[in-house]
Amino acid sequence: MNVKLLTTTRNGATATTQWNTRLRELAKQCLYSEALTLYLQMLRSGSPPNAFCFPFVLKSCASLVLPFSGKQLHCHVIRSGCDPEPFVLTSLISMYCRCSLIDDARKVFDENPKSRELTVCYNALLSGYALNSRVFNAVTLFKRMRKVGVSVNSVTLLALVPAFSVPEFLGVGRSLHGCCVKFGLDVDLSVANCLLTMYMKCGSIECGRRLFDQMPEKGLISWNAVISGYAQNGLATNVLELYREMLARGVCPDPVTLVGVLSSCAHLGARSVGGEVEQLIKSNGFGLNPFLNNALINMYSRCGNLVKAQAVFDAMSVKSVVSWTAIIGGYGMHGHGEIAIHLFDEMIKSGIKPDGAAFVSVLSACSHAGLTAEGMDYFTAMEGKYRLQPGPEHYSCVVDLLGRAGRLNEALELIKSMQVEPDGAVWGALLGACKIHRNIELAEFAFEKVIGREPANIGYYVLLSNIYSEAKNLEGVLKVRVMMRERKLKKEPGCSYVEYKGKVHLFLAGDRSHPQSEEIYRMLGELETLVKEPNGSKTNQERNKELLAGMGVHSEKLAISFGLLNTEPGAEIVVIKNLRVCEDCHLFLKLVSKIVDRQFVVRDATRFHHFRDGYCSCKDYW
DNA sequence: TTAGGGTTAG
1 MNVKLLTTTR
11 NGATATTQWN
21 TRLRELAKQC
31 LYSEALTLYL
41 QMLRSGSPPN
51 AFCFPFVLKS
61 CASLVLPFSG
71 KQLHCHVIRS
81 GCDPEPFVLT
91 SLISMYCRCS
101 LIDDARKVFD
111 ENPKSRELTV
121 CYNALLSGYA
131 LNSRVFNAVT
141 LFKRMRKVGV
151 SVNSVTLLAL
161 VPAFSVPEFL
171 GVGRSLHGCC
181 VKFGLDVDLS
191 VANCLLTMYM
201 KCGSIECGRR
211 LFDQMPEKGL
221 ISWNAVISGY
231 AQNGLATNVL
241 ELYREMLARG
251 VCPDPVTLVG
261 VLSSCAHLGA
271 RSVGGEVEQL
281 IKSNGFGLNP
291 FLNNALINMY
301 SRCGNLVKAQ
311 AVFDAMSVKS
321 VVSWTAIIGG
331 YGMHGHGEIA
341 IHLFDEMIKS
351 GIKPDGAAFV
361 SVLSACSHAG
371 LTAEGMDYFT
381 AMEGKYRLQP
391 GPEHYSCVVD
401 LLGRAGRLNE
411 ALELIKSMQV
421 EPDGAVWGAL
431 LGACKIHRNI
441 ELAEFAFEKV
451 IGREPANIGY
461 YVLLSNIYSE
471 AKNLEGVLKV
481 RVMMRERKLK
491 KEPGCSYVEY
501 KGKVHLFLAG
511 DRSHPQSEEI
521 YRMLGELETL
531 VKEPNGSKTN
541 QERNKELLAG
551 MGVHSEKLAI
561 SFGLLNTEPG
571 AEIVVIKNLR
581 VCEDCHLFLK
591 LVSKIVDRQF
601 VVRDATRFHH
611 FRDGYCSCKD
621 YW
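Just so we're aligned, residue 1 is where the first sequence starts under UniProt numbering, counting upward by one.
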């Protein structure tokens, strides 16, 4: 510990000042435990604490969340007679709030008449209510503050607004926005950022974006708030667009920006943007940021590059449960259940306690790989050994696990035994299993349940219709269609995202709105002919070379792949021979190409399709 | 010499 002992001078007041100066320095550098050690040394040296030292030590207790020490400090404050000092009162309130002792904070506030006249004390308590999700207390206090005429400042709103960043409180949030305008505080950049975040977290994306566009000055936090907001609301293309705009305007991204961008790359499979971000992380020295590394693992896993995901994971010196979950999920989603299980066990051996999300990743890995017994063991251990209450997300994995193994009745019994209300995904998993095992009776039952919860989810209607169709039950197919028509449900057209130099283009089936669609379709037509062409005297490779030569391209790196789709930089064209694909994949496959000069890489919008030996792994379609 | 606040991963 780097704490210098201060020499006591003959003058006690000077000594106290020196202690206080040192305490202030440590608190400023966020060296909180050092600050507390120094405070103890100060007491031992016989130097009496005065009002000016308490804010620093109280802040240290608050930051380290040390409620017991905080309470002791409160006694010191009272003993030293400093409690009526406004800044000591505020520090005390803040300390109690940060230690989640909100009633103690309120007691300090109520017992000191002075605090009830001060904006700072209201702000500290409001922030405490907001941090501890006591929204009604926060509103009441804010109303009282205005009623008694205590002035509201920007910090008041910064403390208050985050409490209403959930959809059900959007109305309150809007009225607070009105307050900001009324008090002229909406021009404050921090307040605007705070409101922006509130709108994004409430899912009120348009309002957030409007506010952002209207901001005369935008800071990095403003850009980050919108980027993260888009990312959390699944608007991955908007994230990449805004990120481009940000770079074009010369705003430098920070790790927070890049986490949002990477999660969107993972969503879209935009591997090249992801790679660019990784370069940026390296060149900016952000390589040790755990948030970024977790986001990279997730991005590479979802983009199918498990080797890189593993490399990022291996290089992390401190691996959190999130890091482990990301890599386990990566192996799980690509069917490597055994590796996922091994990693899960390694995680436990390394002393990390799994949380709910970690169990979701291992359970889904088991269900994807058909590891029924192992999955059931984990599910049992979750509650028995780790004392984690399984949620609907866990039950849906286990229903899927049992269902795929043909244990439909057990799956149904499990749903019936659930302590929590089963959601659409749980019944949906059972419905999916009924399709695999052609159980129409149970499918109808599961369908009723799932539709009761998610009446507008078209996927389930399509699933039931396919079950009827496979059983040649045309009456059933018709029944589902009528139901869909009556409910005015229409299947959204599938679409593909095309990533071109980091910009994402959206294509619908038969879509010709893209400015270069003529060239794109001509190229696709040529490729399609090539794929359909029966084996003649020329090899595919020779034909591809001819095709490219016709386009004026002479490349040695021409890739003809019959395995996984290859969109690595070296592979200009990927042709898949004798491929049988589902209807949904059709447009996707038609677009599977990286046109040499145009640099188009295409991936499916909704999920990743992996092709092995010419077969799409979407087994549901077989 | 002093107190209160906003953006990040599965």
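Backbone N, C-alpha and C define an ideal beta-carbon position, used for all residues, glycine too.
Computed from a predicted structure; not experimentally measured.
The DSSP assignment places 356 to 369, 372 to 384 and 392 to 404 as complete runs of the alpha helix (DSSP H) inside the region 345 to 411, in order along the chain (cut-off: 4 residues). Between Ile348 and Pro354, the alpha-carbon positions lie close to 7 Å from each other. Apart from the 5 residues on each side of it in sequence, Gly335 sits with its Cβ closer than 7 Å to the Cβ of His368 and Ala369 in its chain, given in chain order. Between the alpha carbons of Arg144 and Phe136 lies a gap of roughly 12 Å.
Taking Leu36 as the centre and dropping the five residues before and after it, the same chain places the C-beta of Ser60 closer than 6 Å to its C-beta, in chain order. A check of alpha carbon separations from Ala433 across Tyr230, Ala446 and Asp423 identifies Ala446 as the nearest.
For Val120, the enclosing alpha helix (DSSP H) begins and ends at Thr119 to Leu131.
Note on geometry: alpha-carbon atoms of Ala443 and Gly329 lie some 29 Å from one another. Ser222 counts as buried, since at least 16 other C-beta atoms from the protein chains shown sit within 10 angstroms of its C-beta.
Straight-line measurement puts the Cα of Lys488 at about 21 Å from the Cα of Ser469. As summarised for the region 239 to 319, the continuous alpha helix (DSSP H) elements at least 4 residues long and confined to that stretch are 255 to 268, 271 to 283, 290 to 302 and 306 to 315, given in chain order. In the same chain as Asp188, and ignoring 5 residues on each side of it, the C-beta atoms closer than 6 Å to its own belong to Ser154, in chain order. Boundaries of the alpha helix (DSSP H) around Met483: Leu474 to Glu486. The beta-carbon distance between Pro290 and Ser320, rounded to whole angstroms, is 6 Å. This is short enough to meet the 8 Å contact definition. Distance from the Cα of Gly229 is smallest, within the candidate group Arg209, Ser417, Gly128 and Asn112, for Arg209. With contacts defined as CB atoms closer than 8 Å, Phe87 and Pro49 fail to qualify as a contacting pair. Within the same chain, Leu58, His74, Val77 and Val108 come within 7 Å of Leu92 by CB-CB distance, once the 5 residues on both sides are set aside.
Within 10 angstroms of the beta-carbon of Cys252 lie fewer than 16 other beta-carbons, which makes it exposed. Cβ contact annotation for Leu125 (same chain, cutoff 8 Å, sequence separation greater than five): Ile93, Cys97, Ala105, Arg106, Phe109 and Leu141, in chain order. Cβ-Cβ distances below 8 Å link Ala295 to Leu258, Val259, Leu262, Ser263 and Ala266 in the same chain, with the five nearest sequence neighbours on each side left out; the list follows chain order.
Note that the C-beta distance between Cys202 and Pro162 is not below 8 Å. Annotation: Asp377 to Tyr331 spans about 19 Å, alpha carbon to alpha carbon. The Cβ-Cβ distance between Ala326 and Val362 does not fall below 8 Å. Exposure of Leu478 is indicated by the presence of fewer than 16 other C-beta atoms within 10 angstroms of its C-beta.
Going by DSSP, Pro55 is part of the alpha helix (DSSP H) stretching over Phe54 to Leu64. Just so you know, the alpha carbons of Gln41 and Ser323 end up roughly 40 Å apart. In terms of Cβ geometry, Leu242 and Ile227 form a close pair [threshold 8 Å]. Secondary structure within the region 137 to 211: not one fully enclosed beta strand (DSSP E) run of 3 or more consecutive residues is present. Note on Gly81: under 16 other CB atoms within 10 angstroms of its CB, so exposed under the neighbour-count rule. Distance from the Cα of Leu196 is smallest, within the candidate group Val482, Lys182, Gln214 and Arg271, for Gln214. In the three-state DSSP reduction, Asp213 falls in the helix class (H, G or I).
Taking the Cβ atoms as the reference, Leu463 lies roughly 16 Å from Lys490, outside the contact range of under 8 Å. The Cβ atoms of Asn193 and Gly171 do not sit closer than 8 Å to each other. Relative to the Cα of Gln232, the nearest Cα in the group Tyr199, Ala311, Ala425 and Gly274 belongs to Tyr199.
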